[in-house]
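*Asks:* Got a structure for you, written out below as structure tokens; questions coming shortly.
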Amino acid sequence: MPESVEVEYYRRLADRTVGRRITAVDAPDAWFLKGGLTGRALAAAVTGRTIEGARRIGKLLLLDTDGPTVGLRFGMTGRLLVDGVAGVEDLQYSSMRDEPAWDRVTFRLEGGGDLRVRDPRRLGGVLLDPDESRLGADVLSITPVQLRQALARSTAPVKARLMDQGRVAGVGNLIADEALWRAGIDPARAAGSLSDAELRRLHRHLRTTVDELLSRGGSHTGDVFHARTPEGLCPRDRTPMLRRTVGGRTTWSCPKHQR
DNA sequence: ATTGTGGCCTGCCCGC
DNA sequence: TGCGGGCAGGCCACAA
Numbered sequence: 660m661p662e663s664v665e666v667e668y669y670r671r672l673a674d675r676t677v678g679r680r681i682t683a684v685d686a687p688d689a690w691f692l693k694g695g696l697t698g699r700a701l702a703a704a705v706t707g708r709t710i711e712g713a714r715r716i717g718k719l720l721l722l723d724t725d726g727p728t729v730g731l732r733f734g735m736t737g738r739l740l741v742d743g744v745a746g747v748e749d750l751q752y753s754s755m756r757d758e759p760a761w762d763r764v765t766f767r768l769e770g771g772g773d774l775r776v777r778d779p780r781r782l783g784g785v786l787l788d789p790d791e792s793r794l795g796a797d798v799l800s801i802t803p804v805q806l807r808q809a810l811a812r813s814t815a816p817v818k819a820r821l822m823d824q825g826r827v828a829g830v831g832n833l834i835a836d837e838a839l840w841r842a843g844i845d846p847a848r849a850a851g852s853l854s855d856a857e858l859r860r861l862h863r864h865l866r867t868t869v870d871e872l873l874s875r876g877g878s879h880t881g882d883v884f885h886a887r888t889p890e891g892l893c894p895r896d897r898t899p900m901l902r903r904t905v906g907g908r909t910t911w912s913c914p915k916h917q918r
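If you're matching positions, the first sequence starts at 660 in this note's numbering and goes up one per residue.
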């Protein structure tokens, strides 16, 4: 599903729209417009505007125009298409069908072409001038100090804190499980119970996990991904993987080396 | 404030 | 062969 890795691919794809002017907006699905936004208001705000940049904070894609900023969220099944090209071909848990009925918002661009969000399950959304201050440090650039601050003095499971977008932006279920597996930390541990050494280890693995998933091609390319089954064995020590719900999410971990 | 839970969205997969 | 239940997880509302 789109975690920070996929949204980073989307950002790179969206770079193709920089310098192009928006001529029209199609927003047929009112549910997809968030924060009281209407199709009419969105069209009025951005029609005639030129896209000046594409940024990403966590899982939020931001399109800066010479007017307002458009925020795009992809949930777990949303794909970005620019001029008919998909930002991600292989999206776990979504559908690869070419189904225009799933286009929830389309920004038509001058001279032909467009940028659209295709989301079968409608879990994503569009925001106008989203409040960026509500997001924590981005996982691709988070510092050890920021990670410590995000986890310190919390009794919540470390995995839940990692996935709290207001503390660390961009960690979804697969990245959380992969990084904690690599760091040898039990996802259910209280976030505030990590030692300095464990915090440093987690920070290192978080960064390298995301770097590797980016170069491999997606959040589903982690070492532990194929072990997320009832018969799955830990790729490191061949121990049967443990399936639990942690932080409200299906969680796979190794009961032997994750402590 | 913090933490946990349940609901929403709907295509897809499995078993009968 | 068709059908129905369960599942996936990001996000939000709400409760304690």
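Built from N, CA and C at the ideal position, the CB exists for glycine as well.
(1) Looking at C-alpha atoms only, which residue of L722, G707, T706, D790 is the closest neighbour of A713?
(2) Flag this pair as yes or no: are the beta carbons of V747 and Y668 separated by less than 7 Å?
(3) Do you know offhand how far V905's Cα is from L787's?
(4) In chain order, what residues of the same chain have a beta carbon less than 8 Å from the beta carbon of T898, not counting five sequence neighbours either side?
(5) If you reduce the DSSP assignment to three classes, tell me which class G784 lands in.
(6) Taking all protein chains shown into account, do 16 or more other C-beta atoms lie within 10 angstroms of the C-beta of H885, making it buried, or fewer, making it exposed?
(7) Which same chain residues end up closer than 8 Å to L696 when comparing Cβ atoms and leaving out the 5 residues on each side of it in sequence?
(8) Within 10 angstroms of the Cβ of T910, are there 16 or more other Cβ atoms? Answer buried if so, exposed if not.
(9) Please confirm if the stretch 808-816 is in contact with the stretch 759-770, defined as three or more CB-CB distances below 8 Å between the two stretches.
(10) Quick one: what's A683 bridged to in DSSP?
(11) In whole angstroms, what separates the C-alpha of L731 from that of E890?
(12) As an exercise, report each continuous beta strand (DSSP E) stretch of at least 3 residues that is fully enclosed by the stretch 710-747, in chain order.
*Replies:* Working from what's here:
(1) Within the first sequence, numbered from 1, the residue matching residue 713 stands at position 54. That would be L722, whose Cα lies nearest to the Cα of A713.
(2) The residue you call residue 747 lines up with position 88 of the first sequence. The residue you call residue 668 lines up with position 9 of the first sequence. Their beta carbons are under 7 Å apart, which means V747 touches Y668 by this criterion.
(3) By 1-based counting over the first sequence, the position of residue 905 is 246. By 1-based counting over the first sequence, the position of residue 787 is 128. In a straight line, the C-alpha of V905 is about 32 Å away from that of L787.
(4) The residue you call residue 898 lines up with position 239 of the first sequence. If we look at T898 and ignore the five residues flanking it on each side, its Cβ neighbours are L892, C913, P914, K915, H916.
(5) Here residue 784 refers to the residue found at position 125 of the first sequence. It is a strand residue.
(6) As a first step, residue 885 is located in the first sequence; it is residue number 226 there, counting from the start. That one is exposed.
(7) The sequence position of residue 696 within the first sequence is 37, counting from 1. Closer than 8 Å at Cβ, skipping near neighbours: V785, L786, L787.
(8) Residue 910 sits at position 251 when you count from the first residue of the first sequence. The residue is buried, with at least 16 neighbouring Cβ atoms inside 10 Å.
(9) no
(10) In the first sequence, counting from the first residue as 1, residue 683 sits at position 24. R767, per the DSSP bridge assignment.
(11) As a position in the first sequence, residue 731 is number 72, starting the count at 1. As a position in the first sequence, residue 890 is number 231, starting the count at 1. Their Cα atoms are separated by approximately 37 Å.
(12) 710-716, 719-724, 728-732, 738-741
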